[in-house]
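Respectively, the protein sequence lines represent chains G and X.
Per our numbering, the first sequence starts with residue 636, numbered consecutively.
Per our numbering, the second sequence starts with residue 7, numbered consecutively.
Glycine included, C-beta positions come from ideal geometry on N, C-alpha and C.
Structure, as C-alpha cells:
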Amino acid sequence: AQSVTQLDSHVSVSEGTPVLLRCNYSSSYSPSLFWYVQHPNKGLQLLLKYTSAATLVKGINGFEAEFKKSETSFHLTKPSAHMSDAAEYFCVVSEPRGGGNKLTFGTGTQLKVEL
Amino acid sequence: KAGVTQTPRYLIKTRGQQVTLSCSPISGHRSVSWYQQTPGQGLQFLFEYFSETQRNKGNFPGRFSGRQFSNSRSEMNVSTLELGDSALYLCASSSSGLAVRDTQYFGPGTRLTVL
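Written out as C-alpha cells, the structure reads:
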C-alpha cells in the first residue's frame with residue numbers, strides 16, 4: 636500500500652526567504668510523485684511531477700523538488716518566497732491500480748508568506 | 007485547450023435530498039476521477055471512470071455513484087444527503103490513466119453544503 640506523509644501542516648516564511656515543504660512517501664512500486672498547489676476556493680494546480688527521468692524536478696513558479704529514494708523523500712523547495720505563493724500544497728503519490736492509477740494525497744501543508 | 011470544468015460551482019441542499027454534479031474533462035481525455043475534500047478527512051478518492059466504465063472505486067457508501075458518457079463527460083450523484091457530505095467535490099481528468107506517469111488535471115470543484 637502506498638502512503639504520503641507531509642511532515643508540516645503549517646509553514647510560515649518571510650517574503651524573499653527560501654521555502655521548504657517536506658514530504659515522505661511509501662510505495663510498493665517505483666512511484667510517480669507530484670506536488671499540487673491549491674489556492675483558496677480553487678481546484679488543484681500541478682506544480683511538478685517526478686516520473687523517474689531525473690531526480691531533480693523543476694516546476695512552475697520557481698519551485699523544484701528532489702527525489703531521494705534512499706530517504707523516500709520528495710521535498711519541495713523554492714529559493715525565494717513570494718506573497719502569491721501563500722496556499723496549501725499537497726504531495727501526491729501515484730501507483731497503478733485496476734488498469735488505471737490510484738492517487739494518494741498527503742494531508743497538505745499550509746504555506747503562509749509574511750512581509 | 008480548455009481546462010476541466012465543473013458545474014455547478016456551489017450547491018446548497020437539505021438532508022435527505024439528492025444531488026448531481028457534472029464534470030467535463032479536457033478535450034481528448036478519457037479518464038475522469040472524482041475526489042471529496044473536507045477539512046477533517048482531506049482529499050479522498052471516490053471513483054474513476056474510463057470509457058464509460060467504472061475502473062476504480064474508493065471506500066464510500068453506495069449513496070455515492072457516478073457515470074461517464076460517451077463524450078467522456080461524467081456525473082456523480084449523491085442520494086439521501088447527510089450533513090457529513092458537505093465538502094468540495096473535485097473532478098480530475100487524464101489522457102488515459104493507463105500510465106502511472108499520467109498527470110491528473112483538476113477542475114475548480116463544486117462546493118456542496120448540506121443543511
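Using only alpha-carbon positions, find the residue among the options that is nearest to residue i.
| i | options | result |
| --- | --- | --- |
| X:G46 | X:L94, X:T109, X:D108, X:F112 | X:L94 |
| X:W40 | G:S661, G:T744, G:G678, G:F698 | G:G678 |
| X:P114 | G:D643, G:H674, G:T712 | G:H674 |
| X:Q42 | X:Q74, X:D108, X:S100, X:D91 | X:D91 |
| G:N676 | X:F112, X:F51, X:L121 | X:F112 |
| G:I695 | G:S705, G:Q680, G:A688 | G:Q680 |
| G:S647 | G:N736, G:H717, G:A689 | G:H717 |
| X:S78 | X:S37, X:L52, X:T86, X:T13 | X:S37 |
| G:G697 | G:V748, G:L711, G:Q637, G:L642 | G:L711 |
| X:S80 | X:K19, X:E88, X:S99 | X:S99 |
| G:K713 | G:L746, G:G735, G:P666 | G:L746 |
| X:L89 | X:T13, X:V10, X:T44 | X:T44 |
| G:A688 | G:D720, G:L682, G:P666 | G:P666 |
| G:K703 | G:D720, G:L682, G:R657, G:S719 | G:R657 |
Below 8 Å on the Cβ atoms is my contact criterion, and I expect residue i with residue j to pass it. Report the Cβ-Cβ distance as a whole number of Å.
| i | j | result |
| --- | --- | --- |
| X:N65 | X:E54 | With 8 Å as the limit, X:N65 and X:E54 do not qualify as a contact, their Cβ atoms being about 14 Å apart. |
| X:Y16 | X:R117 | 5 Å |
| G:E723 | G:E650 | Actually they do not touch by this definition, with Cβ atoms about 18 Å apart. |
| G:G743 | G:Q641 | 6 Å |
| X:L87 | X:G9 | With 8 Å as the limit, X:L87 and X:G9 do not qualify as a contact, their Cβ atoms being about 28 Å apart. |
| G:F725 | X:L49 | 7 Å |
Whose C-beta lies closer than 8 Å to the C-beta of residue i among residues of the same chain, with five residues either side of it excluded?
| i | result |
| --- | --- |
| G:V727 | V639, L668, F669, W670, Y671, L738, T739, F740, G741 |
| X:S101 | G34, H35, R36, S37, D108 |
Which residue comes first and which comes last in the beta strand (DSSP E) that contains residue i?
| i | result |
| --- | --- |
| G:R732 | 722 to 732 |
| G:F669 | 667 to 673 |
| X:G64 | Here X:G64 belongs to no beta strand (DSSP E), and DSSP marks it neither H nor E. |
| G:E699 | 699 to 703 |
| G:K693 | 691 to 693 |
| G:H645 | 645 to 649 |
| G:E749 | 744 to 749 |
| X:T44 | 37 to 44 |
In terms of DSSP beta bridges, what is residue i paired with?
| i | result |
| --- | --- |
| X:G72 | X:M82 |
| G:L655 | G:T712 |
| G:T640 | G:N659 |
| X:I18 | X:T119 |
| G:Y685 | G:L668 |
| G:N736 | G:P731 |
| X:T13 | X:S28 |
| G:T707 | BP columns for G:T707 are empty, so no partner. |
Quick one: residues in its chain with C-beta nearer than 7 Å to the C-beta of residue i, no 5 flanking neighbours on either side, listed in chain order?
| i | result |
| --- | --- |
| X:K7 | I32, S33 |
| G:T707 | N659, Y660, S661 |
| G:V701 | It is worth fixing the name first, because residue 701 of chain G is Glu in this sequence and not Val. The residues are T690, L691, H710. |
| X:I18 | T119, L121 |
| X:T13 | S28 |
Whose C-beta lies closer than 6 Å to the C-beta of residue i among residues of the same chain, with five residues either side of it excluded?
| i | result |
| --- | --- |
| X:N83 | T26, S71 |
| G:Y664 | E730 |
| X:L121 | T20 |
| G:K684 | F669 |
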